[in-house]
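In the numbering used here, the protein residues as written are 1 to 214.
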């Protein structure tokens, strides 16, 4: 729904299978019975990427900011919906790629299965956030005592929901440290400590998370 996907859409499959974002790309296409345009493994960005986007009339894509900065946004005329993630989204990237299309900033550790937080369409010159939780995911920003912090105060992002992994295979100590009991959740519920520092920001469309650092 957020990406405006239909059976007529043409979705880029660009990520390596070793990157969990590749599953996000597959699901974008399969969920709407869209056409999937599979990029050759030789294409990593630049003019090759733009040539593929233009030649295959790709309208929907997920691309990392690092790869996107190497390409010319004015040449990707068919691209109407774009998601970036896996790295920080800069104001310059938004200024170049947001005009004329819907550009969304996505966030999601592998431990919580691909995308867990996504922004609405970004606007050049406006504050850049990572958005709010997608359906099935809850996000809480806690202090060192695992208490919620007020709006505008930096805390650690914790994620809960059905997409949460069970832990790290064969690493019980690390699992116990990162997948902890959710003190503000349902009985028996766990949450993942992301290690990422964020703050909540109030907007007219509701609360939005802003990434601060690790």
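Just so you know, even glycine gets a beta-carbon here, dropped at the ideal spot from N, CA and C.
Start and end of the beta strand (DSSP E) containing residue i?
{"i": "residue 189", "result": "No beta strand (DSSP E) contains residue 189, which DSSP labels as neither H nor E."}
{"i": "residue 174", "result": "Not the beta strand (DSSP E): residue 174 falls in the alpha helix (DSSP H), residues 172-178."}
{"i": "residue 104", "result": "102-107"}
{"i": "residue 13", "result": "10-13"}
Alpha carbons only, please: which of the options is nearest the one belonging to residue i?
{"i": "residue 201", "options": "164, 162, 85 and 130", "result": "130"}
{"i": "residue 88", "options": "30, 1, 26 and 63", "result": "63"}
{"i": "residue 25", "options": "65, 12 and 1", "result": "12"}
{"i": "residue 161", "options": "14, 120, 85 and 108", "result": "108"}
{"i": "residue 114", "options": "208, 28, 9 and 1", "result": "28"}
{"i": "residue 86", "options": "150, 15 and 6", "result": "15"}
{"i": "residue 220", "options": "128, 157, 152 and 32", "result": "With the chain covering 1 to 214 only, the question about residue 220 has no answer from this structure."}
{"i": "residue 210", "options": "5, 90, 137 and 41", "result": "90"}
{"i": "residue 6", "options": "33, 19 and 17", "result": "33"}
{"i": "residue 137", "options": "192, 187, 126 and 145", "result": "192"}
{"i": "residue 1", "options": "214, 118, 208 and 124", "result": "118"}
{"i": "residue 198", "options": "204, 148 and 188", "result": "148"}
{"i": "residue 164", "options": "155, 189, 30 and 208", "result": "189"}
Quick check on the burial criterion: 16 or more other C-beta atoms within 10 angstroms. Buried or exposed for residue i?
{"i": "residue 133", "result": "buried"}
{"i": "residue 173", "result": "exposed"}
{"i": "residue 178", "result": "buried"}
{"i": "residue 112", "result": "buried"}
{"i": "residue 166", "result": "exposed"}
{"i": "residue 212", "result": "exposed"}
{"i": "residue 139", "result": "buried"}
{"i": "residue 194", "result": "buried"}
{"i": "residue 169", "result": "exposed"}
{"i": "residue 116", "result": "buried"}
{"i": "residue 176", "result": "exposed"}
{"i": "residue 153", "result": "exposed"}
Considering only DSSP beta bridges, list what residue i is partnered with.
{"i": "residue 160", "result": "138"}
{"i": "residue 62", "result": "83"}
{"i": "residue 200", "result": "209"}
{"i": "residue 181", "result": "190"}
{"i": "residue 131", "result": "209"}
{"i": "residue 155", "result": "198"}
{"i": "residue 118", "result": "106 and 132"}
{"i": "residue 148", "result": "142"}
Which residues bound the alpha helix (DSSP H) around residue i?
{"i": "residue 82", "result": "Premise fails: residue 82 lies in the beta strand (DSSP E), 81-84, not in any alpha helix (DSSP H)."}
{"i": "residue 36", "result": "Where residue 36 is concerned, there is no enclosing alpha helix (DSSP H), although the beta strand (DSSP E) it sits in stretches over 35-38."}
{"i": "residue 48", "result": "46-55"}
{"i": "residue 216", "result": "Outside the displayed span of the chain (1 to 214) sits residue 216, for which this structure offers no information."}
{"i": "residue 22", "result": "21-31"}
Going along the chain, which residues of its own chain have a beta-carbon closer than 7 Å to the beta-carbon of residue i, five neighbours each way excluded?
{"i": "residue 54", "result": "75, 76, 77 and 78"}
{"i": "residue 80", "result": "59, 101 and 102"}
{"i": "residue 206", "result": "132"}
{"i": "residue 23", "result": "114"}
So, does the CB of residue i fall closer than 7 Å to a CB anywhere in chain D?
{"i": "residue 78", "result": "No chain D is present in this structure, which holds just one protein chain."}
Sorted by chain position, which residues of the same chain lie with C-beta nearer than 8 Å to residue i's C-beta, five sequence neighbours on each side aside?
{"i": "residue 39", "result": "12, 13, 14, 49 and 52"}
{"i": "residue 46", "result": "70 and 71"}
Is any non-hydrogen atom of the ligand FAD found closer than 6 Å to the C-beta of residue i, if you look at the structure I gave you?
{"i": "residue 78", "result": "As presented, the structure is devoid of all ligands, the ligand FAD included, so that no description of it is given."}
So, for residue i: in the same chain, excluding its five sequence neighbours on each side, which residues have a beta-carbon less than 6 Å away from its beta-carbon?
{"i": "residue 93", "result": "65"}
{"i": "residue 57", "result": "10 and 78"}
{"i": "residue 146", "result": "183"}
{"i": "residue 83", "result": "62, 104 and 106"}
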